[in-house]
Amino acid sequence: MSWTTPKRAFIGAAAAEGGTKLNAFDNALLKLGIGNVNLVKLSSVIPAHIEWIDRVPDVPIGMLLPTVYAHIESDEPGMTISAALGIGVSENNEGGLIYEYSGYCTKEEAEEMVRKMVEEGFRQRGWKLKEFKVTSASITVKDKPAAALAVVVMFPY
(Lines of atoms letter the chains of each structure in order from A and count residues from 1; the text may use other names and numbers.)
(Lines give C-alpha, C1' and ligand atoms only; values in the text may rest on other atoms or scores of the structure.)
Protein backbone atom coordinates (compact mmCIF):
# COMPACT_ATOMS: atom_id res chain seq x y z
CA MET A 1 0.00 0.00 0.00
CA SER A 2 1.28 3.44 -0.79
CA TRP A 3 0.28 6.54 1.14
CA THR A 4 -0.24 9.82 -0.64
CA THR A 5 -0.77 13.37 0.53
CA PRO A 6 -4.51 14.06 0.80
CA LYS A 7 -5.99 16.44 -1.75
CA ARG A 8 -9.51 16.93 -0.33
CA ALA A 9 -11.09 16.88 3.12
CA PHE A 10 -14.59 16.70 4.58
CA ILE A 11 -15.55 18.30 7.90
CA GLY A 12 -18.59 17.07 9.78
CA ALA A 13 -20.18 16.34 13.13
CA ALA A 14 -23.13 14.29 14.33
CA ALA A 15 -24.79 13.02 17.48
CA ALA A 16 -26.86 9.86 17.78
CA GLU A 17 -28.46 7.41 20.17
CA GLY A 18 -28.19 3.63 20.09
CA GLY A 19 -28.87 0.45 22.01
CA THR A 20 -25.31 0.56 23.39
CA LYS A 21 -22.60 3.23 23.48
CA LEU A 22 -20.83 1.54 20.56
CA ASN A 23 -24.08 1.44 18.55
CA ALA A 24 -24.59 5.15 19.28
CA PHE A 25 -21.08 5.85 17.93
CA ASP A 26 -21.80 3.71 14.87
CA ASN A 27 -25.08 5.55 14.27
CA ALA A 28 -23.24 8.90 14.37
CA LEU A 29 -20.78 7.53 11.79
CA LEU A 30 -23.69 6.46 9.59
CA LYS A 31 -25.23 9.95 9.81
CA LEU A 32 -21.98 11.36 8.42
CA GLY A 33 -21.79 8.82 5.59
CA ILE A 34 -18.72 7.04 6.98
CA GLY A 35 -20.30 4.11 8.79
CA ASN A 36 -19.24 1.46 6.29
CA VAL A 37 -15.52 2.28 6.10
CA ASN A 38 -12.49 1.77 8.31
CA LEU A 39 -11.24 4.94 9.91
CA VAL A 40 -7.48 5.30 10.20
CA LYS A 41 -6.85 7.71 13.08
CA LEU A 42 -4.55 10.58 12.15
CA SER A 43 -2.76 13.15 14.21
CA SER A 44 -3.51 16.72 13.33
CA VAL A 45 -1.62 18.21 10.39
CA ILE A 46 -3.40 19.45 7.26
CA PRO A 47 -1.42 19.46 4.01
CA ALA A 48 -1.08 22.69 2.04
CA HIS A 49 -3.70 23.54 -0.56
CA ILE A 50 -6.31 21.06 0.69
CA GLU A 51 -9.72 21.41 -0.97
CA TRP A 52 -12.60 21.40 1.53
CA ILE A 53 -15.64 19.45 0.32
CA ASP A 54 -19.17 19.51 1.74
CA ARG A 55 -20.03 15.82 1.52
CA VAL A 56 -18.32 12.44 1.63
CA PRO A 57 -17.89 11.06 -1.90
CA ASP A 58 -18.97 7.52 -2.68
CA VAL A 59 -16.39 5.17 -1.24
CA PRO A 60 -16.19 1.38 -1.33
CA ILE A 61 -17.35 -0.54 1.74
CA GLY A 62 -14.36 -1.30 3.93
CA MET A 63 -12.11 1.43 2.46
CA LEU A 64 -9.37 2.78 4.74
CA LEU A 65 -10.06 6.48 5.32
CA PRO A 66 -7.52 8.75 7.04
CA THR A 67 -9.51 10.62 9.68
CA VAL A 68 -8.97 13.01 12.57
CA TYR A 69 -11.84 12.58 15.00
CA ALA A 70 -13.08 13.38 18.48
CA HIS A 71 -15.81 11.30 20.06
CA ILE A 72 -17.51 10.64 23.35
CA GLU A 73 -20.20 8.21 24.39
CA SER A 74 -22.32 8.06 27.54
CA ASP A 75 -25.24 6.18 29.02
CA GLU A 76 -25.70 8.50 32.03
CA PRO A 77 -29.17 10.10 31.75
CA GLY A 78 -29.10 13.89 31.97
CA MET A 79 -25.44 14.23 30.99
CA THR A 80 -24.56 16.52 28.09
CA ILE A 81 -21.65 15.32 25.98
CA SER A 82 -19.89 17.17 23.18
CA ALA A 83 -17.16 16.59 20.61
CA ALA A 84 -15.41 19.27 18.58
CA LEU A 85 -12.63 19.73 16.06
CA GLY A 86 -10.90 23.06 15.52
CA ILE A 87 -9.20 23.54 12.17
CA GLY A 88 -6.64 26.27 11.59
CA VAL A 89 -5.39 27.18 8.11
CA SER A 90 -2.13 29.12 7.85
CA GLU A 91 -1.84 32.56 6.30
CA ASN A 92 0.34 31.41 3.40
CA ASN A 93 -1.67 28.19 2.97
CA GLU A 94 1.43 26.23 3.94
CA GLY A 95 -0.81 23.80 5.74
CA GLY A 96 -2.74 23.77 8.95
CA LEU A 97 -3.61 22.04 12.17
CA ILE A 98 -6.59 20.17 13.58
CA TYR A 99 -7.21 19.82 17.30
CA GLU A 100 -9.83 17.59 18.85
CA TYR A 101 -11.70 17.69 22.15
CA SER A 102 -14.55 15.75 23.71
CA GLY A 103 -16.05 15.81 27.16
CA TYR A 104 -18.96 16.28 29.51
CA CYS A 105 -19.62 19.86 28.50
CA THR A 106 -21.65 22.06 26.20
CA LYS A 107 -21.00 22.41 22.50
CA GLU A 108 -19.81 25.99 23.08
CA GLU A 109 -17.31 24.88 25.74
CA ALA A 110 -15.89 22.21 23.42
CA GLU A 111 -15.61 24.74 20.58
CA GLU A 112 -13.81 27.24 22.82
CA MET A 113 -11.37 24.54 23.93
CA VAL A 114 -10.37 23.62 20.36
CA ARG A 115 -10.04 27.31 19.43
CA LYS A 116 -7.50 27.75 22.24
CA MET A 117 -5.65 24.62 21.13
CA VAL A 118 -5.40 25.82 17.52
CA GLU A 119 -4.16 29.24 18.63
CA GLU A 120 -1.46 27.67 20.82
CA GLY A 121 -0.40 25.23 18.08
CA PHE A 122 0.04 28.11 15.64
CA ARG A 123 1.95 30.18 18.22
CA GLN A 124 4.33 27.28 18.88
CA ARG A 125 5.11 26.98 15.17
CA GLY A 126 5.34 30.70 14.50
CA TRP A 127 2.52 30.43 11.96
CA LYS A 128 -0.10 33.09 11.31
CA LEU A 129 -3.71 31.95 11.46
CA LYS A 130 -5.62 32.88 8.30
CA GLU A 131 -8.82 30.91 8.90
CA PHE A 132 -10.41 29.02 11.79
CA LYS A 133 -13.09 26.40 11.16
CA VAL A 134 -14.93 24.44 13.80
CA THR A 135 -17.27 21.49 13.74
CA SER A 136 -19.01 20.07 16.77
CA ALA A 137 -21.86 17.93 18.00
CA SER A 138 -23.60 17.77 21.34
CA ILE A 139 -26.34 15.65 22.85
CA THR A 140 -27.97 15.24 26.24
CA VAL A 141 -28.40 11.60 27.19
CA LYS A 142 -32.02 10.57 27.70
CA ASP A 143 -33.09 6.96 28.11
CA LYS A 144 -30.64 5.45 25.56
CA PRO A 145 -26.86 5.59 25.22
CA ALA A 146 -25.67 8.53 23.10
CA ALA A 147 -22.57 9.60 21.19
CA ALA A 148 -21.17 12.88 19.87
CA LEU A 149 -18.65 12.81 17.02
CA ALA A 150 -16.67 15.40 15.05
CA VAL A 151 -14.51 14.42 12.05
CA VAL A 152 -12.16 15.58 9.34
CA VAL A 153 -11.90 12.85 6.71
CA MET A 154 -9.08 13.15 4.16
CA PHE A 155 -9.18 11.82 0.61
CA PRO A 156 -6.26 11.19 -1.76
CA TYR A 157 -8.35 12.13 -4.82
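What the sequence shown shows, in the numbering used here, is residues 1285 to 1441, in sequence order. C-beta atoms are modelled at their ideal positions from N, C-alpha and C, and glycine is treated no differently.
Hey, out of the options, whose CA is closest to residue i's CA?
i: G1317; options: W1411, C1389, A1297 and V1402; result: A1297
i: E1378; options: V1329, L1369, Q1408 and V1437; result: V1329
i: L1372; options: F1416, K1400, G1410 and R1407; result: Inspection of the sequence shows that residue 1372 is occupied by Gly rather than by Leu. Among F1416, K1400, G1410 and R1407, the Cα nearest to that of G1372 belongs to F1416.
i: K1335; options: P1290, L1326 and P1344; result: Here residue 1335 turns out to be Glu, not Lys, going by the sequence shown. If we check each option's Cα against that of E1335, P1290 comes out closest.
i: V1435; options: L1314, E1301, K1412 and L1306; result: L1314
Can you tell me the Cα-Cα spacing of residue i and residue j, whole angstroms?
i: Y1441; j: G1362; result: 42 Å
i: V1352; j: T1304; result: 23 Å
i: L1433; j: S1366; result: 8 Å
i: E1384; j: E1360; result: 23 Å
i: G1387; j: A1394; result: 7 Å
i: N1376; j: K1414; result: 8 Å
i: A1332; j: R1409; result: 15 Å
i: K1428; j: W1287; result: 39 Å
Contact check, residue i vs residue j under 8 Å by CB: the rounded distance?
i: E1357; j: A1430; result: 7 Å
i: G1405; j: L1369; result: No, G1405 and L1369 are not in contact; Cβ-Cβ is about 13 Å, not under 8 Å.
i: A1299; j: S1374; result: Incorrect: roughly 30 Å between the Cβ atoms, too far for contact.
Distance cutoff 8 Å, beta carbons only. Does residue i sit that close to anything in chain D?
i: I1337; result: Protein chain content of the structure displayed is limited to a single chain, and chain D is not contained in it.
Next item on the list: Output the residue ranges of the alpha helix (DSSP H) runs that lie fully inside the segment 1360-1413 and measure 4 residues or longer, sorted by chain position.
Entry: 1391-1409
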